[in-house]
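Peer 1: Here it is: the structure, laid out below.
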């Protein structure tokens, strides 16, 4: 029997089209394009790609989403967790995989690590960074522009993330 995988998209439901919600927004679009049905149970919305692979996002704000993601992970008895999240350290549309490790200052990852430890995989989605570090909170909560949303929903950014996700599922 193959390992169960949970793929979680980080975001803030009250701010759905902000840079900080890019992981969650991608999974919602991925589910729509694959005709997956979301089910809401408590603080989690989830869908199944197949018997082995589940996707989810938390209804809590990102900085406290770890508890609900951890709970769902245990509930489905998953063995692997992949978290899709925004990354200020990468330019817009640059994507990279990271196996385990520190949260690098990302509060959503810190929340998950608090409940599950740091032994989970990440797909980091570059959102760029403002030059003035004091503007980071405003930047991550600012809305993506129309062309960026189009790239995420239908363009090359969607394709890049989707390819990485499909490859992750295939090799795990």
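Residue numbers (the numbering used here): 9 to 180. All C-beta atoms in this analysis are idealised placements derived from N, C-alpha and C, irrespective of residue type, glycine included. This structure is a prediction, so every number in the text was calculated from the model and none was measured.
1. With the cut-off set at 8 angstroms, would you say residue 185 and residue 52 are in Cβ contact?
2. Within the continuous alpha helix (DSSP H) that includes residue 117, where are the two ends?
3. For residue 132, count neighbouring C-beta atoms within 10 Å of its own C-beta (all shown protein chains included) and say buried if the count is 16 or more, exposed if not.
4. DSSP on residue 45, reduced to helix/strand/coil?
5. Go through the region 39–95 residue by residue and report every complete run of the beta strand (DSSP E) that reaches 3 residues or more, in order.
6. Between the region 166–177 and the region 33–45, do at least 3 Cβ pairs fall closer than 8 angstroms?
7. Determine whether the beta carbon atoms of residue 130 and residue 106 lie at a separation below 8 angstroms.
8. Excluding the 5 residues flanking residue 100 on each side, which residues of the same chain have their C-beta closer than 8 angstroms to its C-beta?
9. In whole angstroms, what is the alpha-carbon distance linking residue 162 and residue 13?
10. Mark residue 179 as exposed unless 16 or more other C-beta atoms lie within 10 angstroms of its C-beta, in which case mark it buried.
11. Note the first and the last residue of the continuous alpha helix (DSSP H) segment covering residue 167.
12. Throw me the rounded Cβ distance for the residue 149 and residue 23 pair, which I believe falls under 8 angstroms.
13. Give the DSSP-derived three-state secondary structure of residue 105 in the structure shown.
Peer 2: Put simply:
1. Residue 185 is absent from the structure shown; the chain starts at 9 and stops at 180.
2. For the purposes of this step, residue 117 is taken as the residue at position 109 of the chain shown. First-last of the alpha helix (DSSP H) with residue 117: 115–124.
3. As a first step, residue 132 must be located in the chain shown, where it is residue number 124. Buried: at least 16 other Cβ atoms inside 10 Å.
4. Taking the first residue of the chain shown as position 1, residue 45 is located at position 37. Under the three-state reduction of DSSP output, residue 45 falls in the coil class, being neither helix nor strand.
5. You should have 47–49, 52–56, 61–66 and 88–95.
6. Output reads yes: the region 33–45 touches the region 166–177.
7. One-based indexing of the chain shown puts residue 130 at position 122. One-based indexing of the chain shown puts residue 106 at position 98. In this structure, residue 130 places its C-beta atom within 8 angstroms of the C-beta atom of residue 106.
8. Here residue 100 corresponds to residue number 92 of the chain shown, with the count starting at 1. So the qualifying residues of the chain are 134, 135, 136 and 156.
9. On the chain shown, residue 162 is found 154 positions in, with the first residue counted as 1. On the chain shown, residue 13 is found 5 positions in, with the first residue counted as 1. Cα to Cα, residue 162 sits roughly 25 angstroms from residue 13.
10. Counting from one through the chain shown, the residue named residue 179 turns up at place 171. Classification of residue 179: exposed, given that the 10 Å Cβ count is below 16.
11. By one-based count along the chain shown, residue 167 stands at place 159. Unbroken alpha helix (DSSP H) run through residue 167: 164–179.
12. As a working note, residue 149 is residue 141 in the chain shown. As a working note, residue 23 is residue 15 in the chain shown. The C-beta separation of residue 149 from residue 23 comes to about 6 angstroms, placing the pair in contact by the 8 angstroms criterion.
13. Here residue 105 is taken as the residue at index 97 of the chain shown, counted from 1. DSSP places residue 105 in strand when its eight states are reduced to three.
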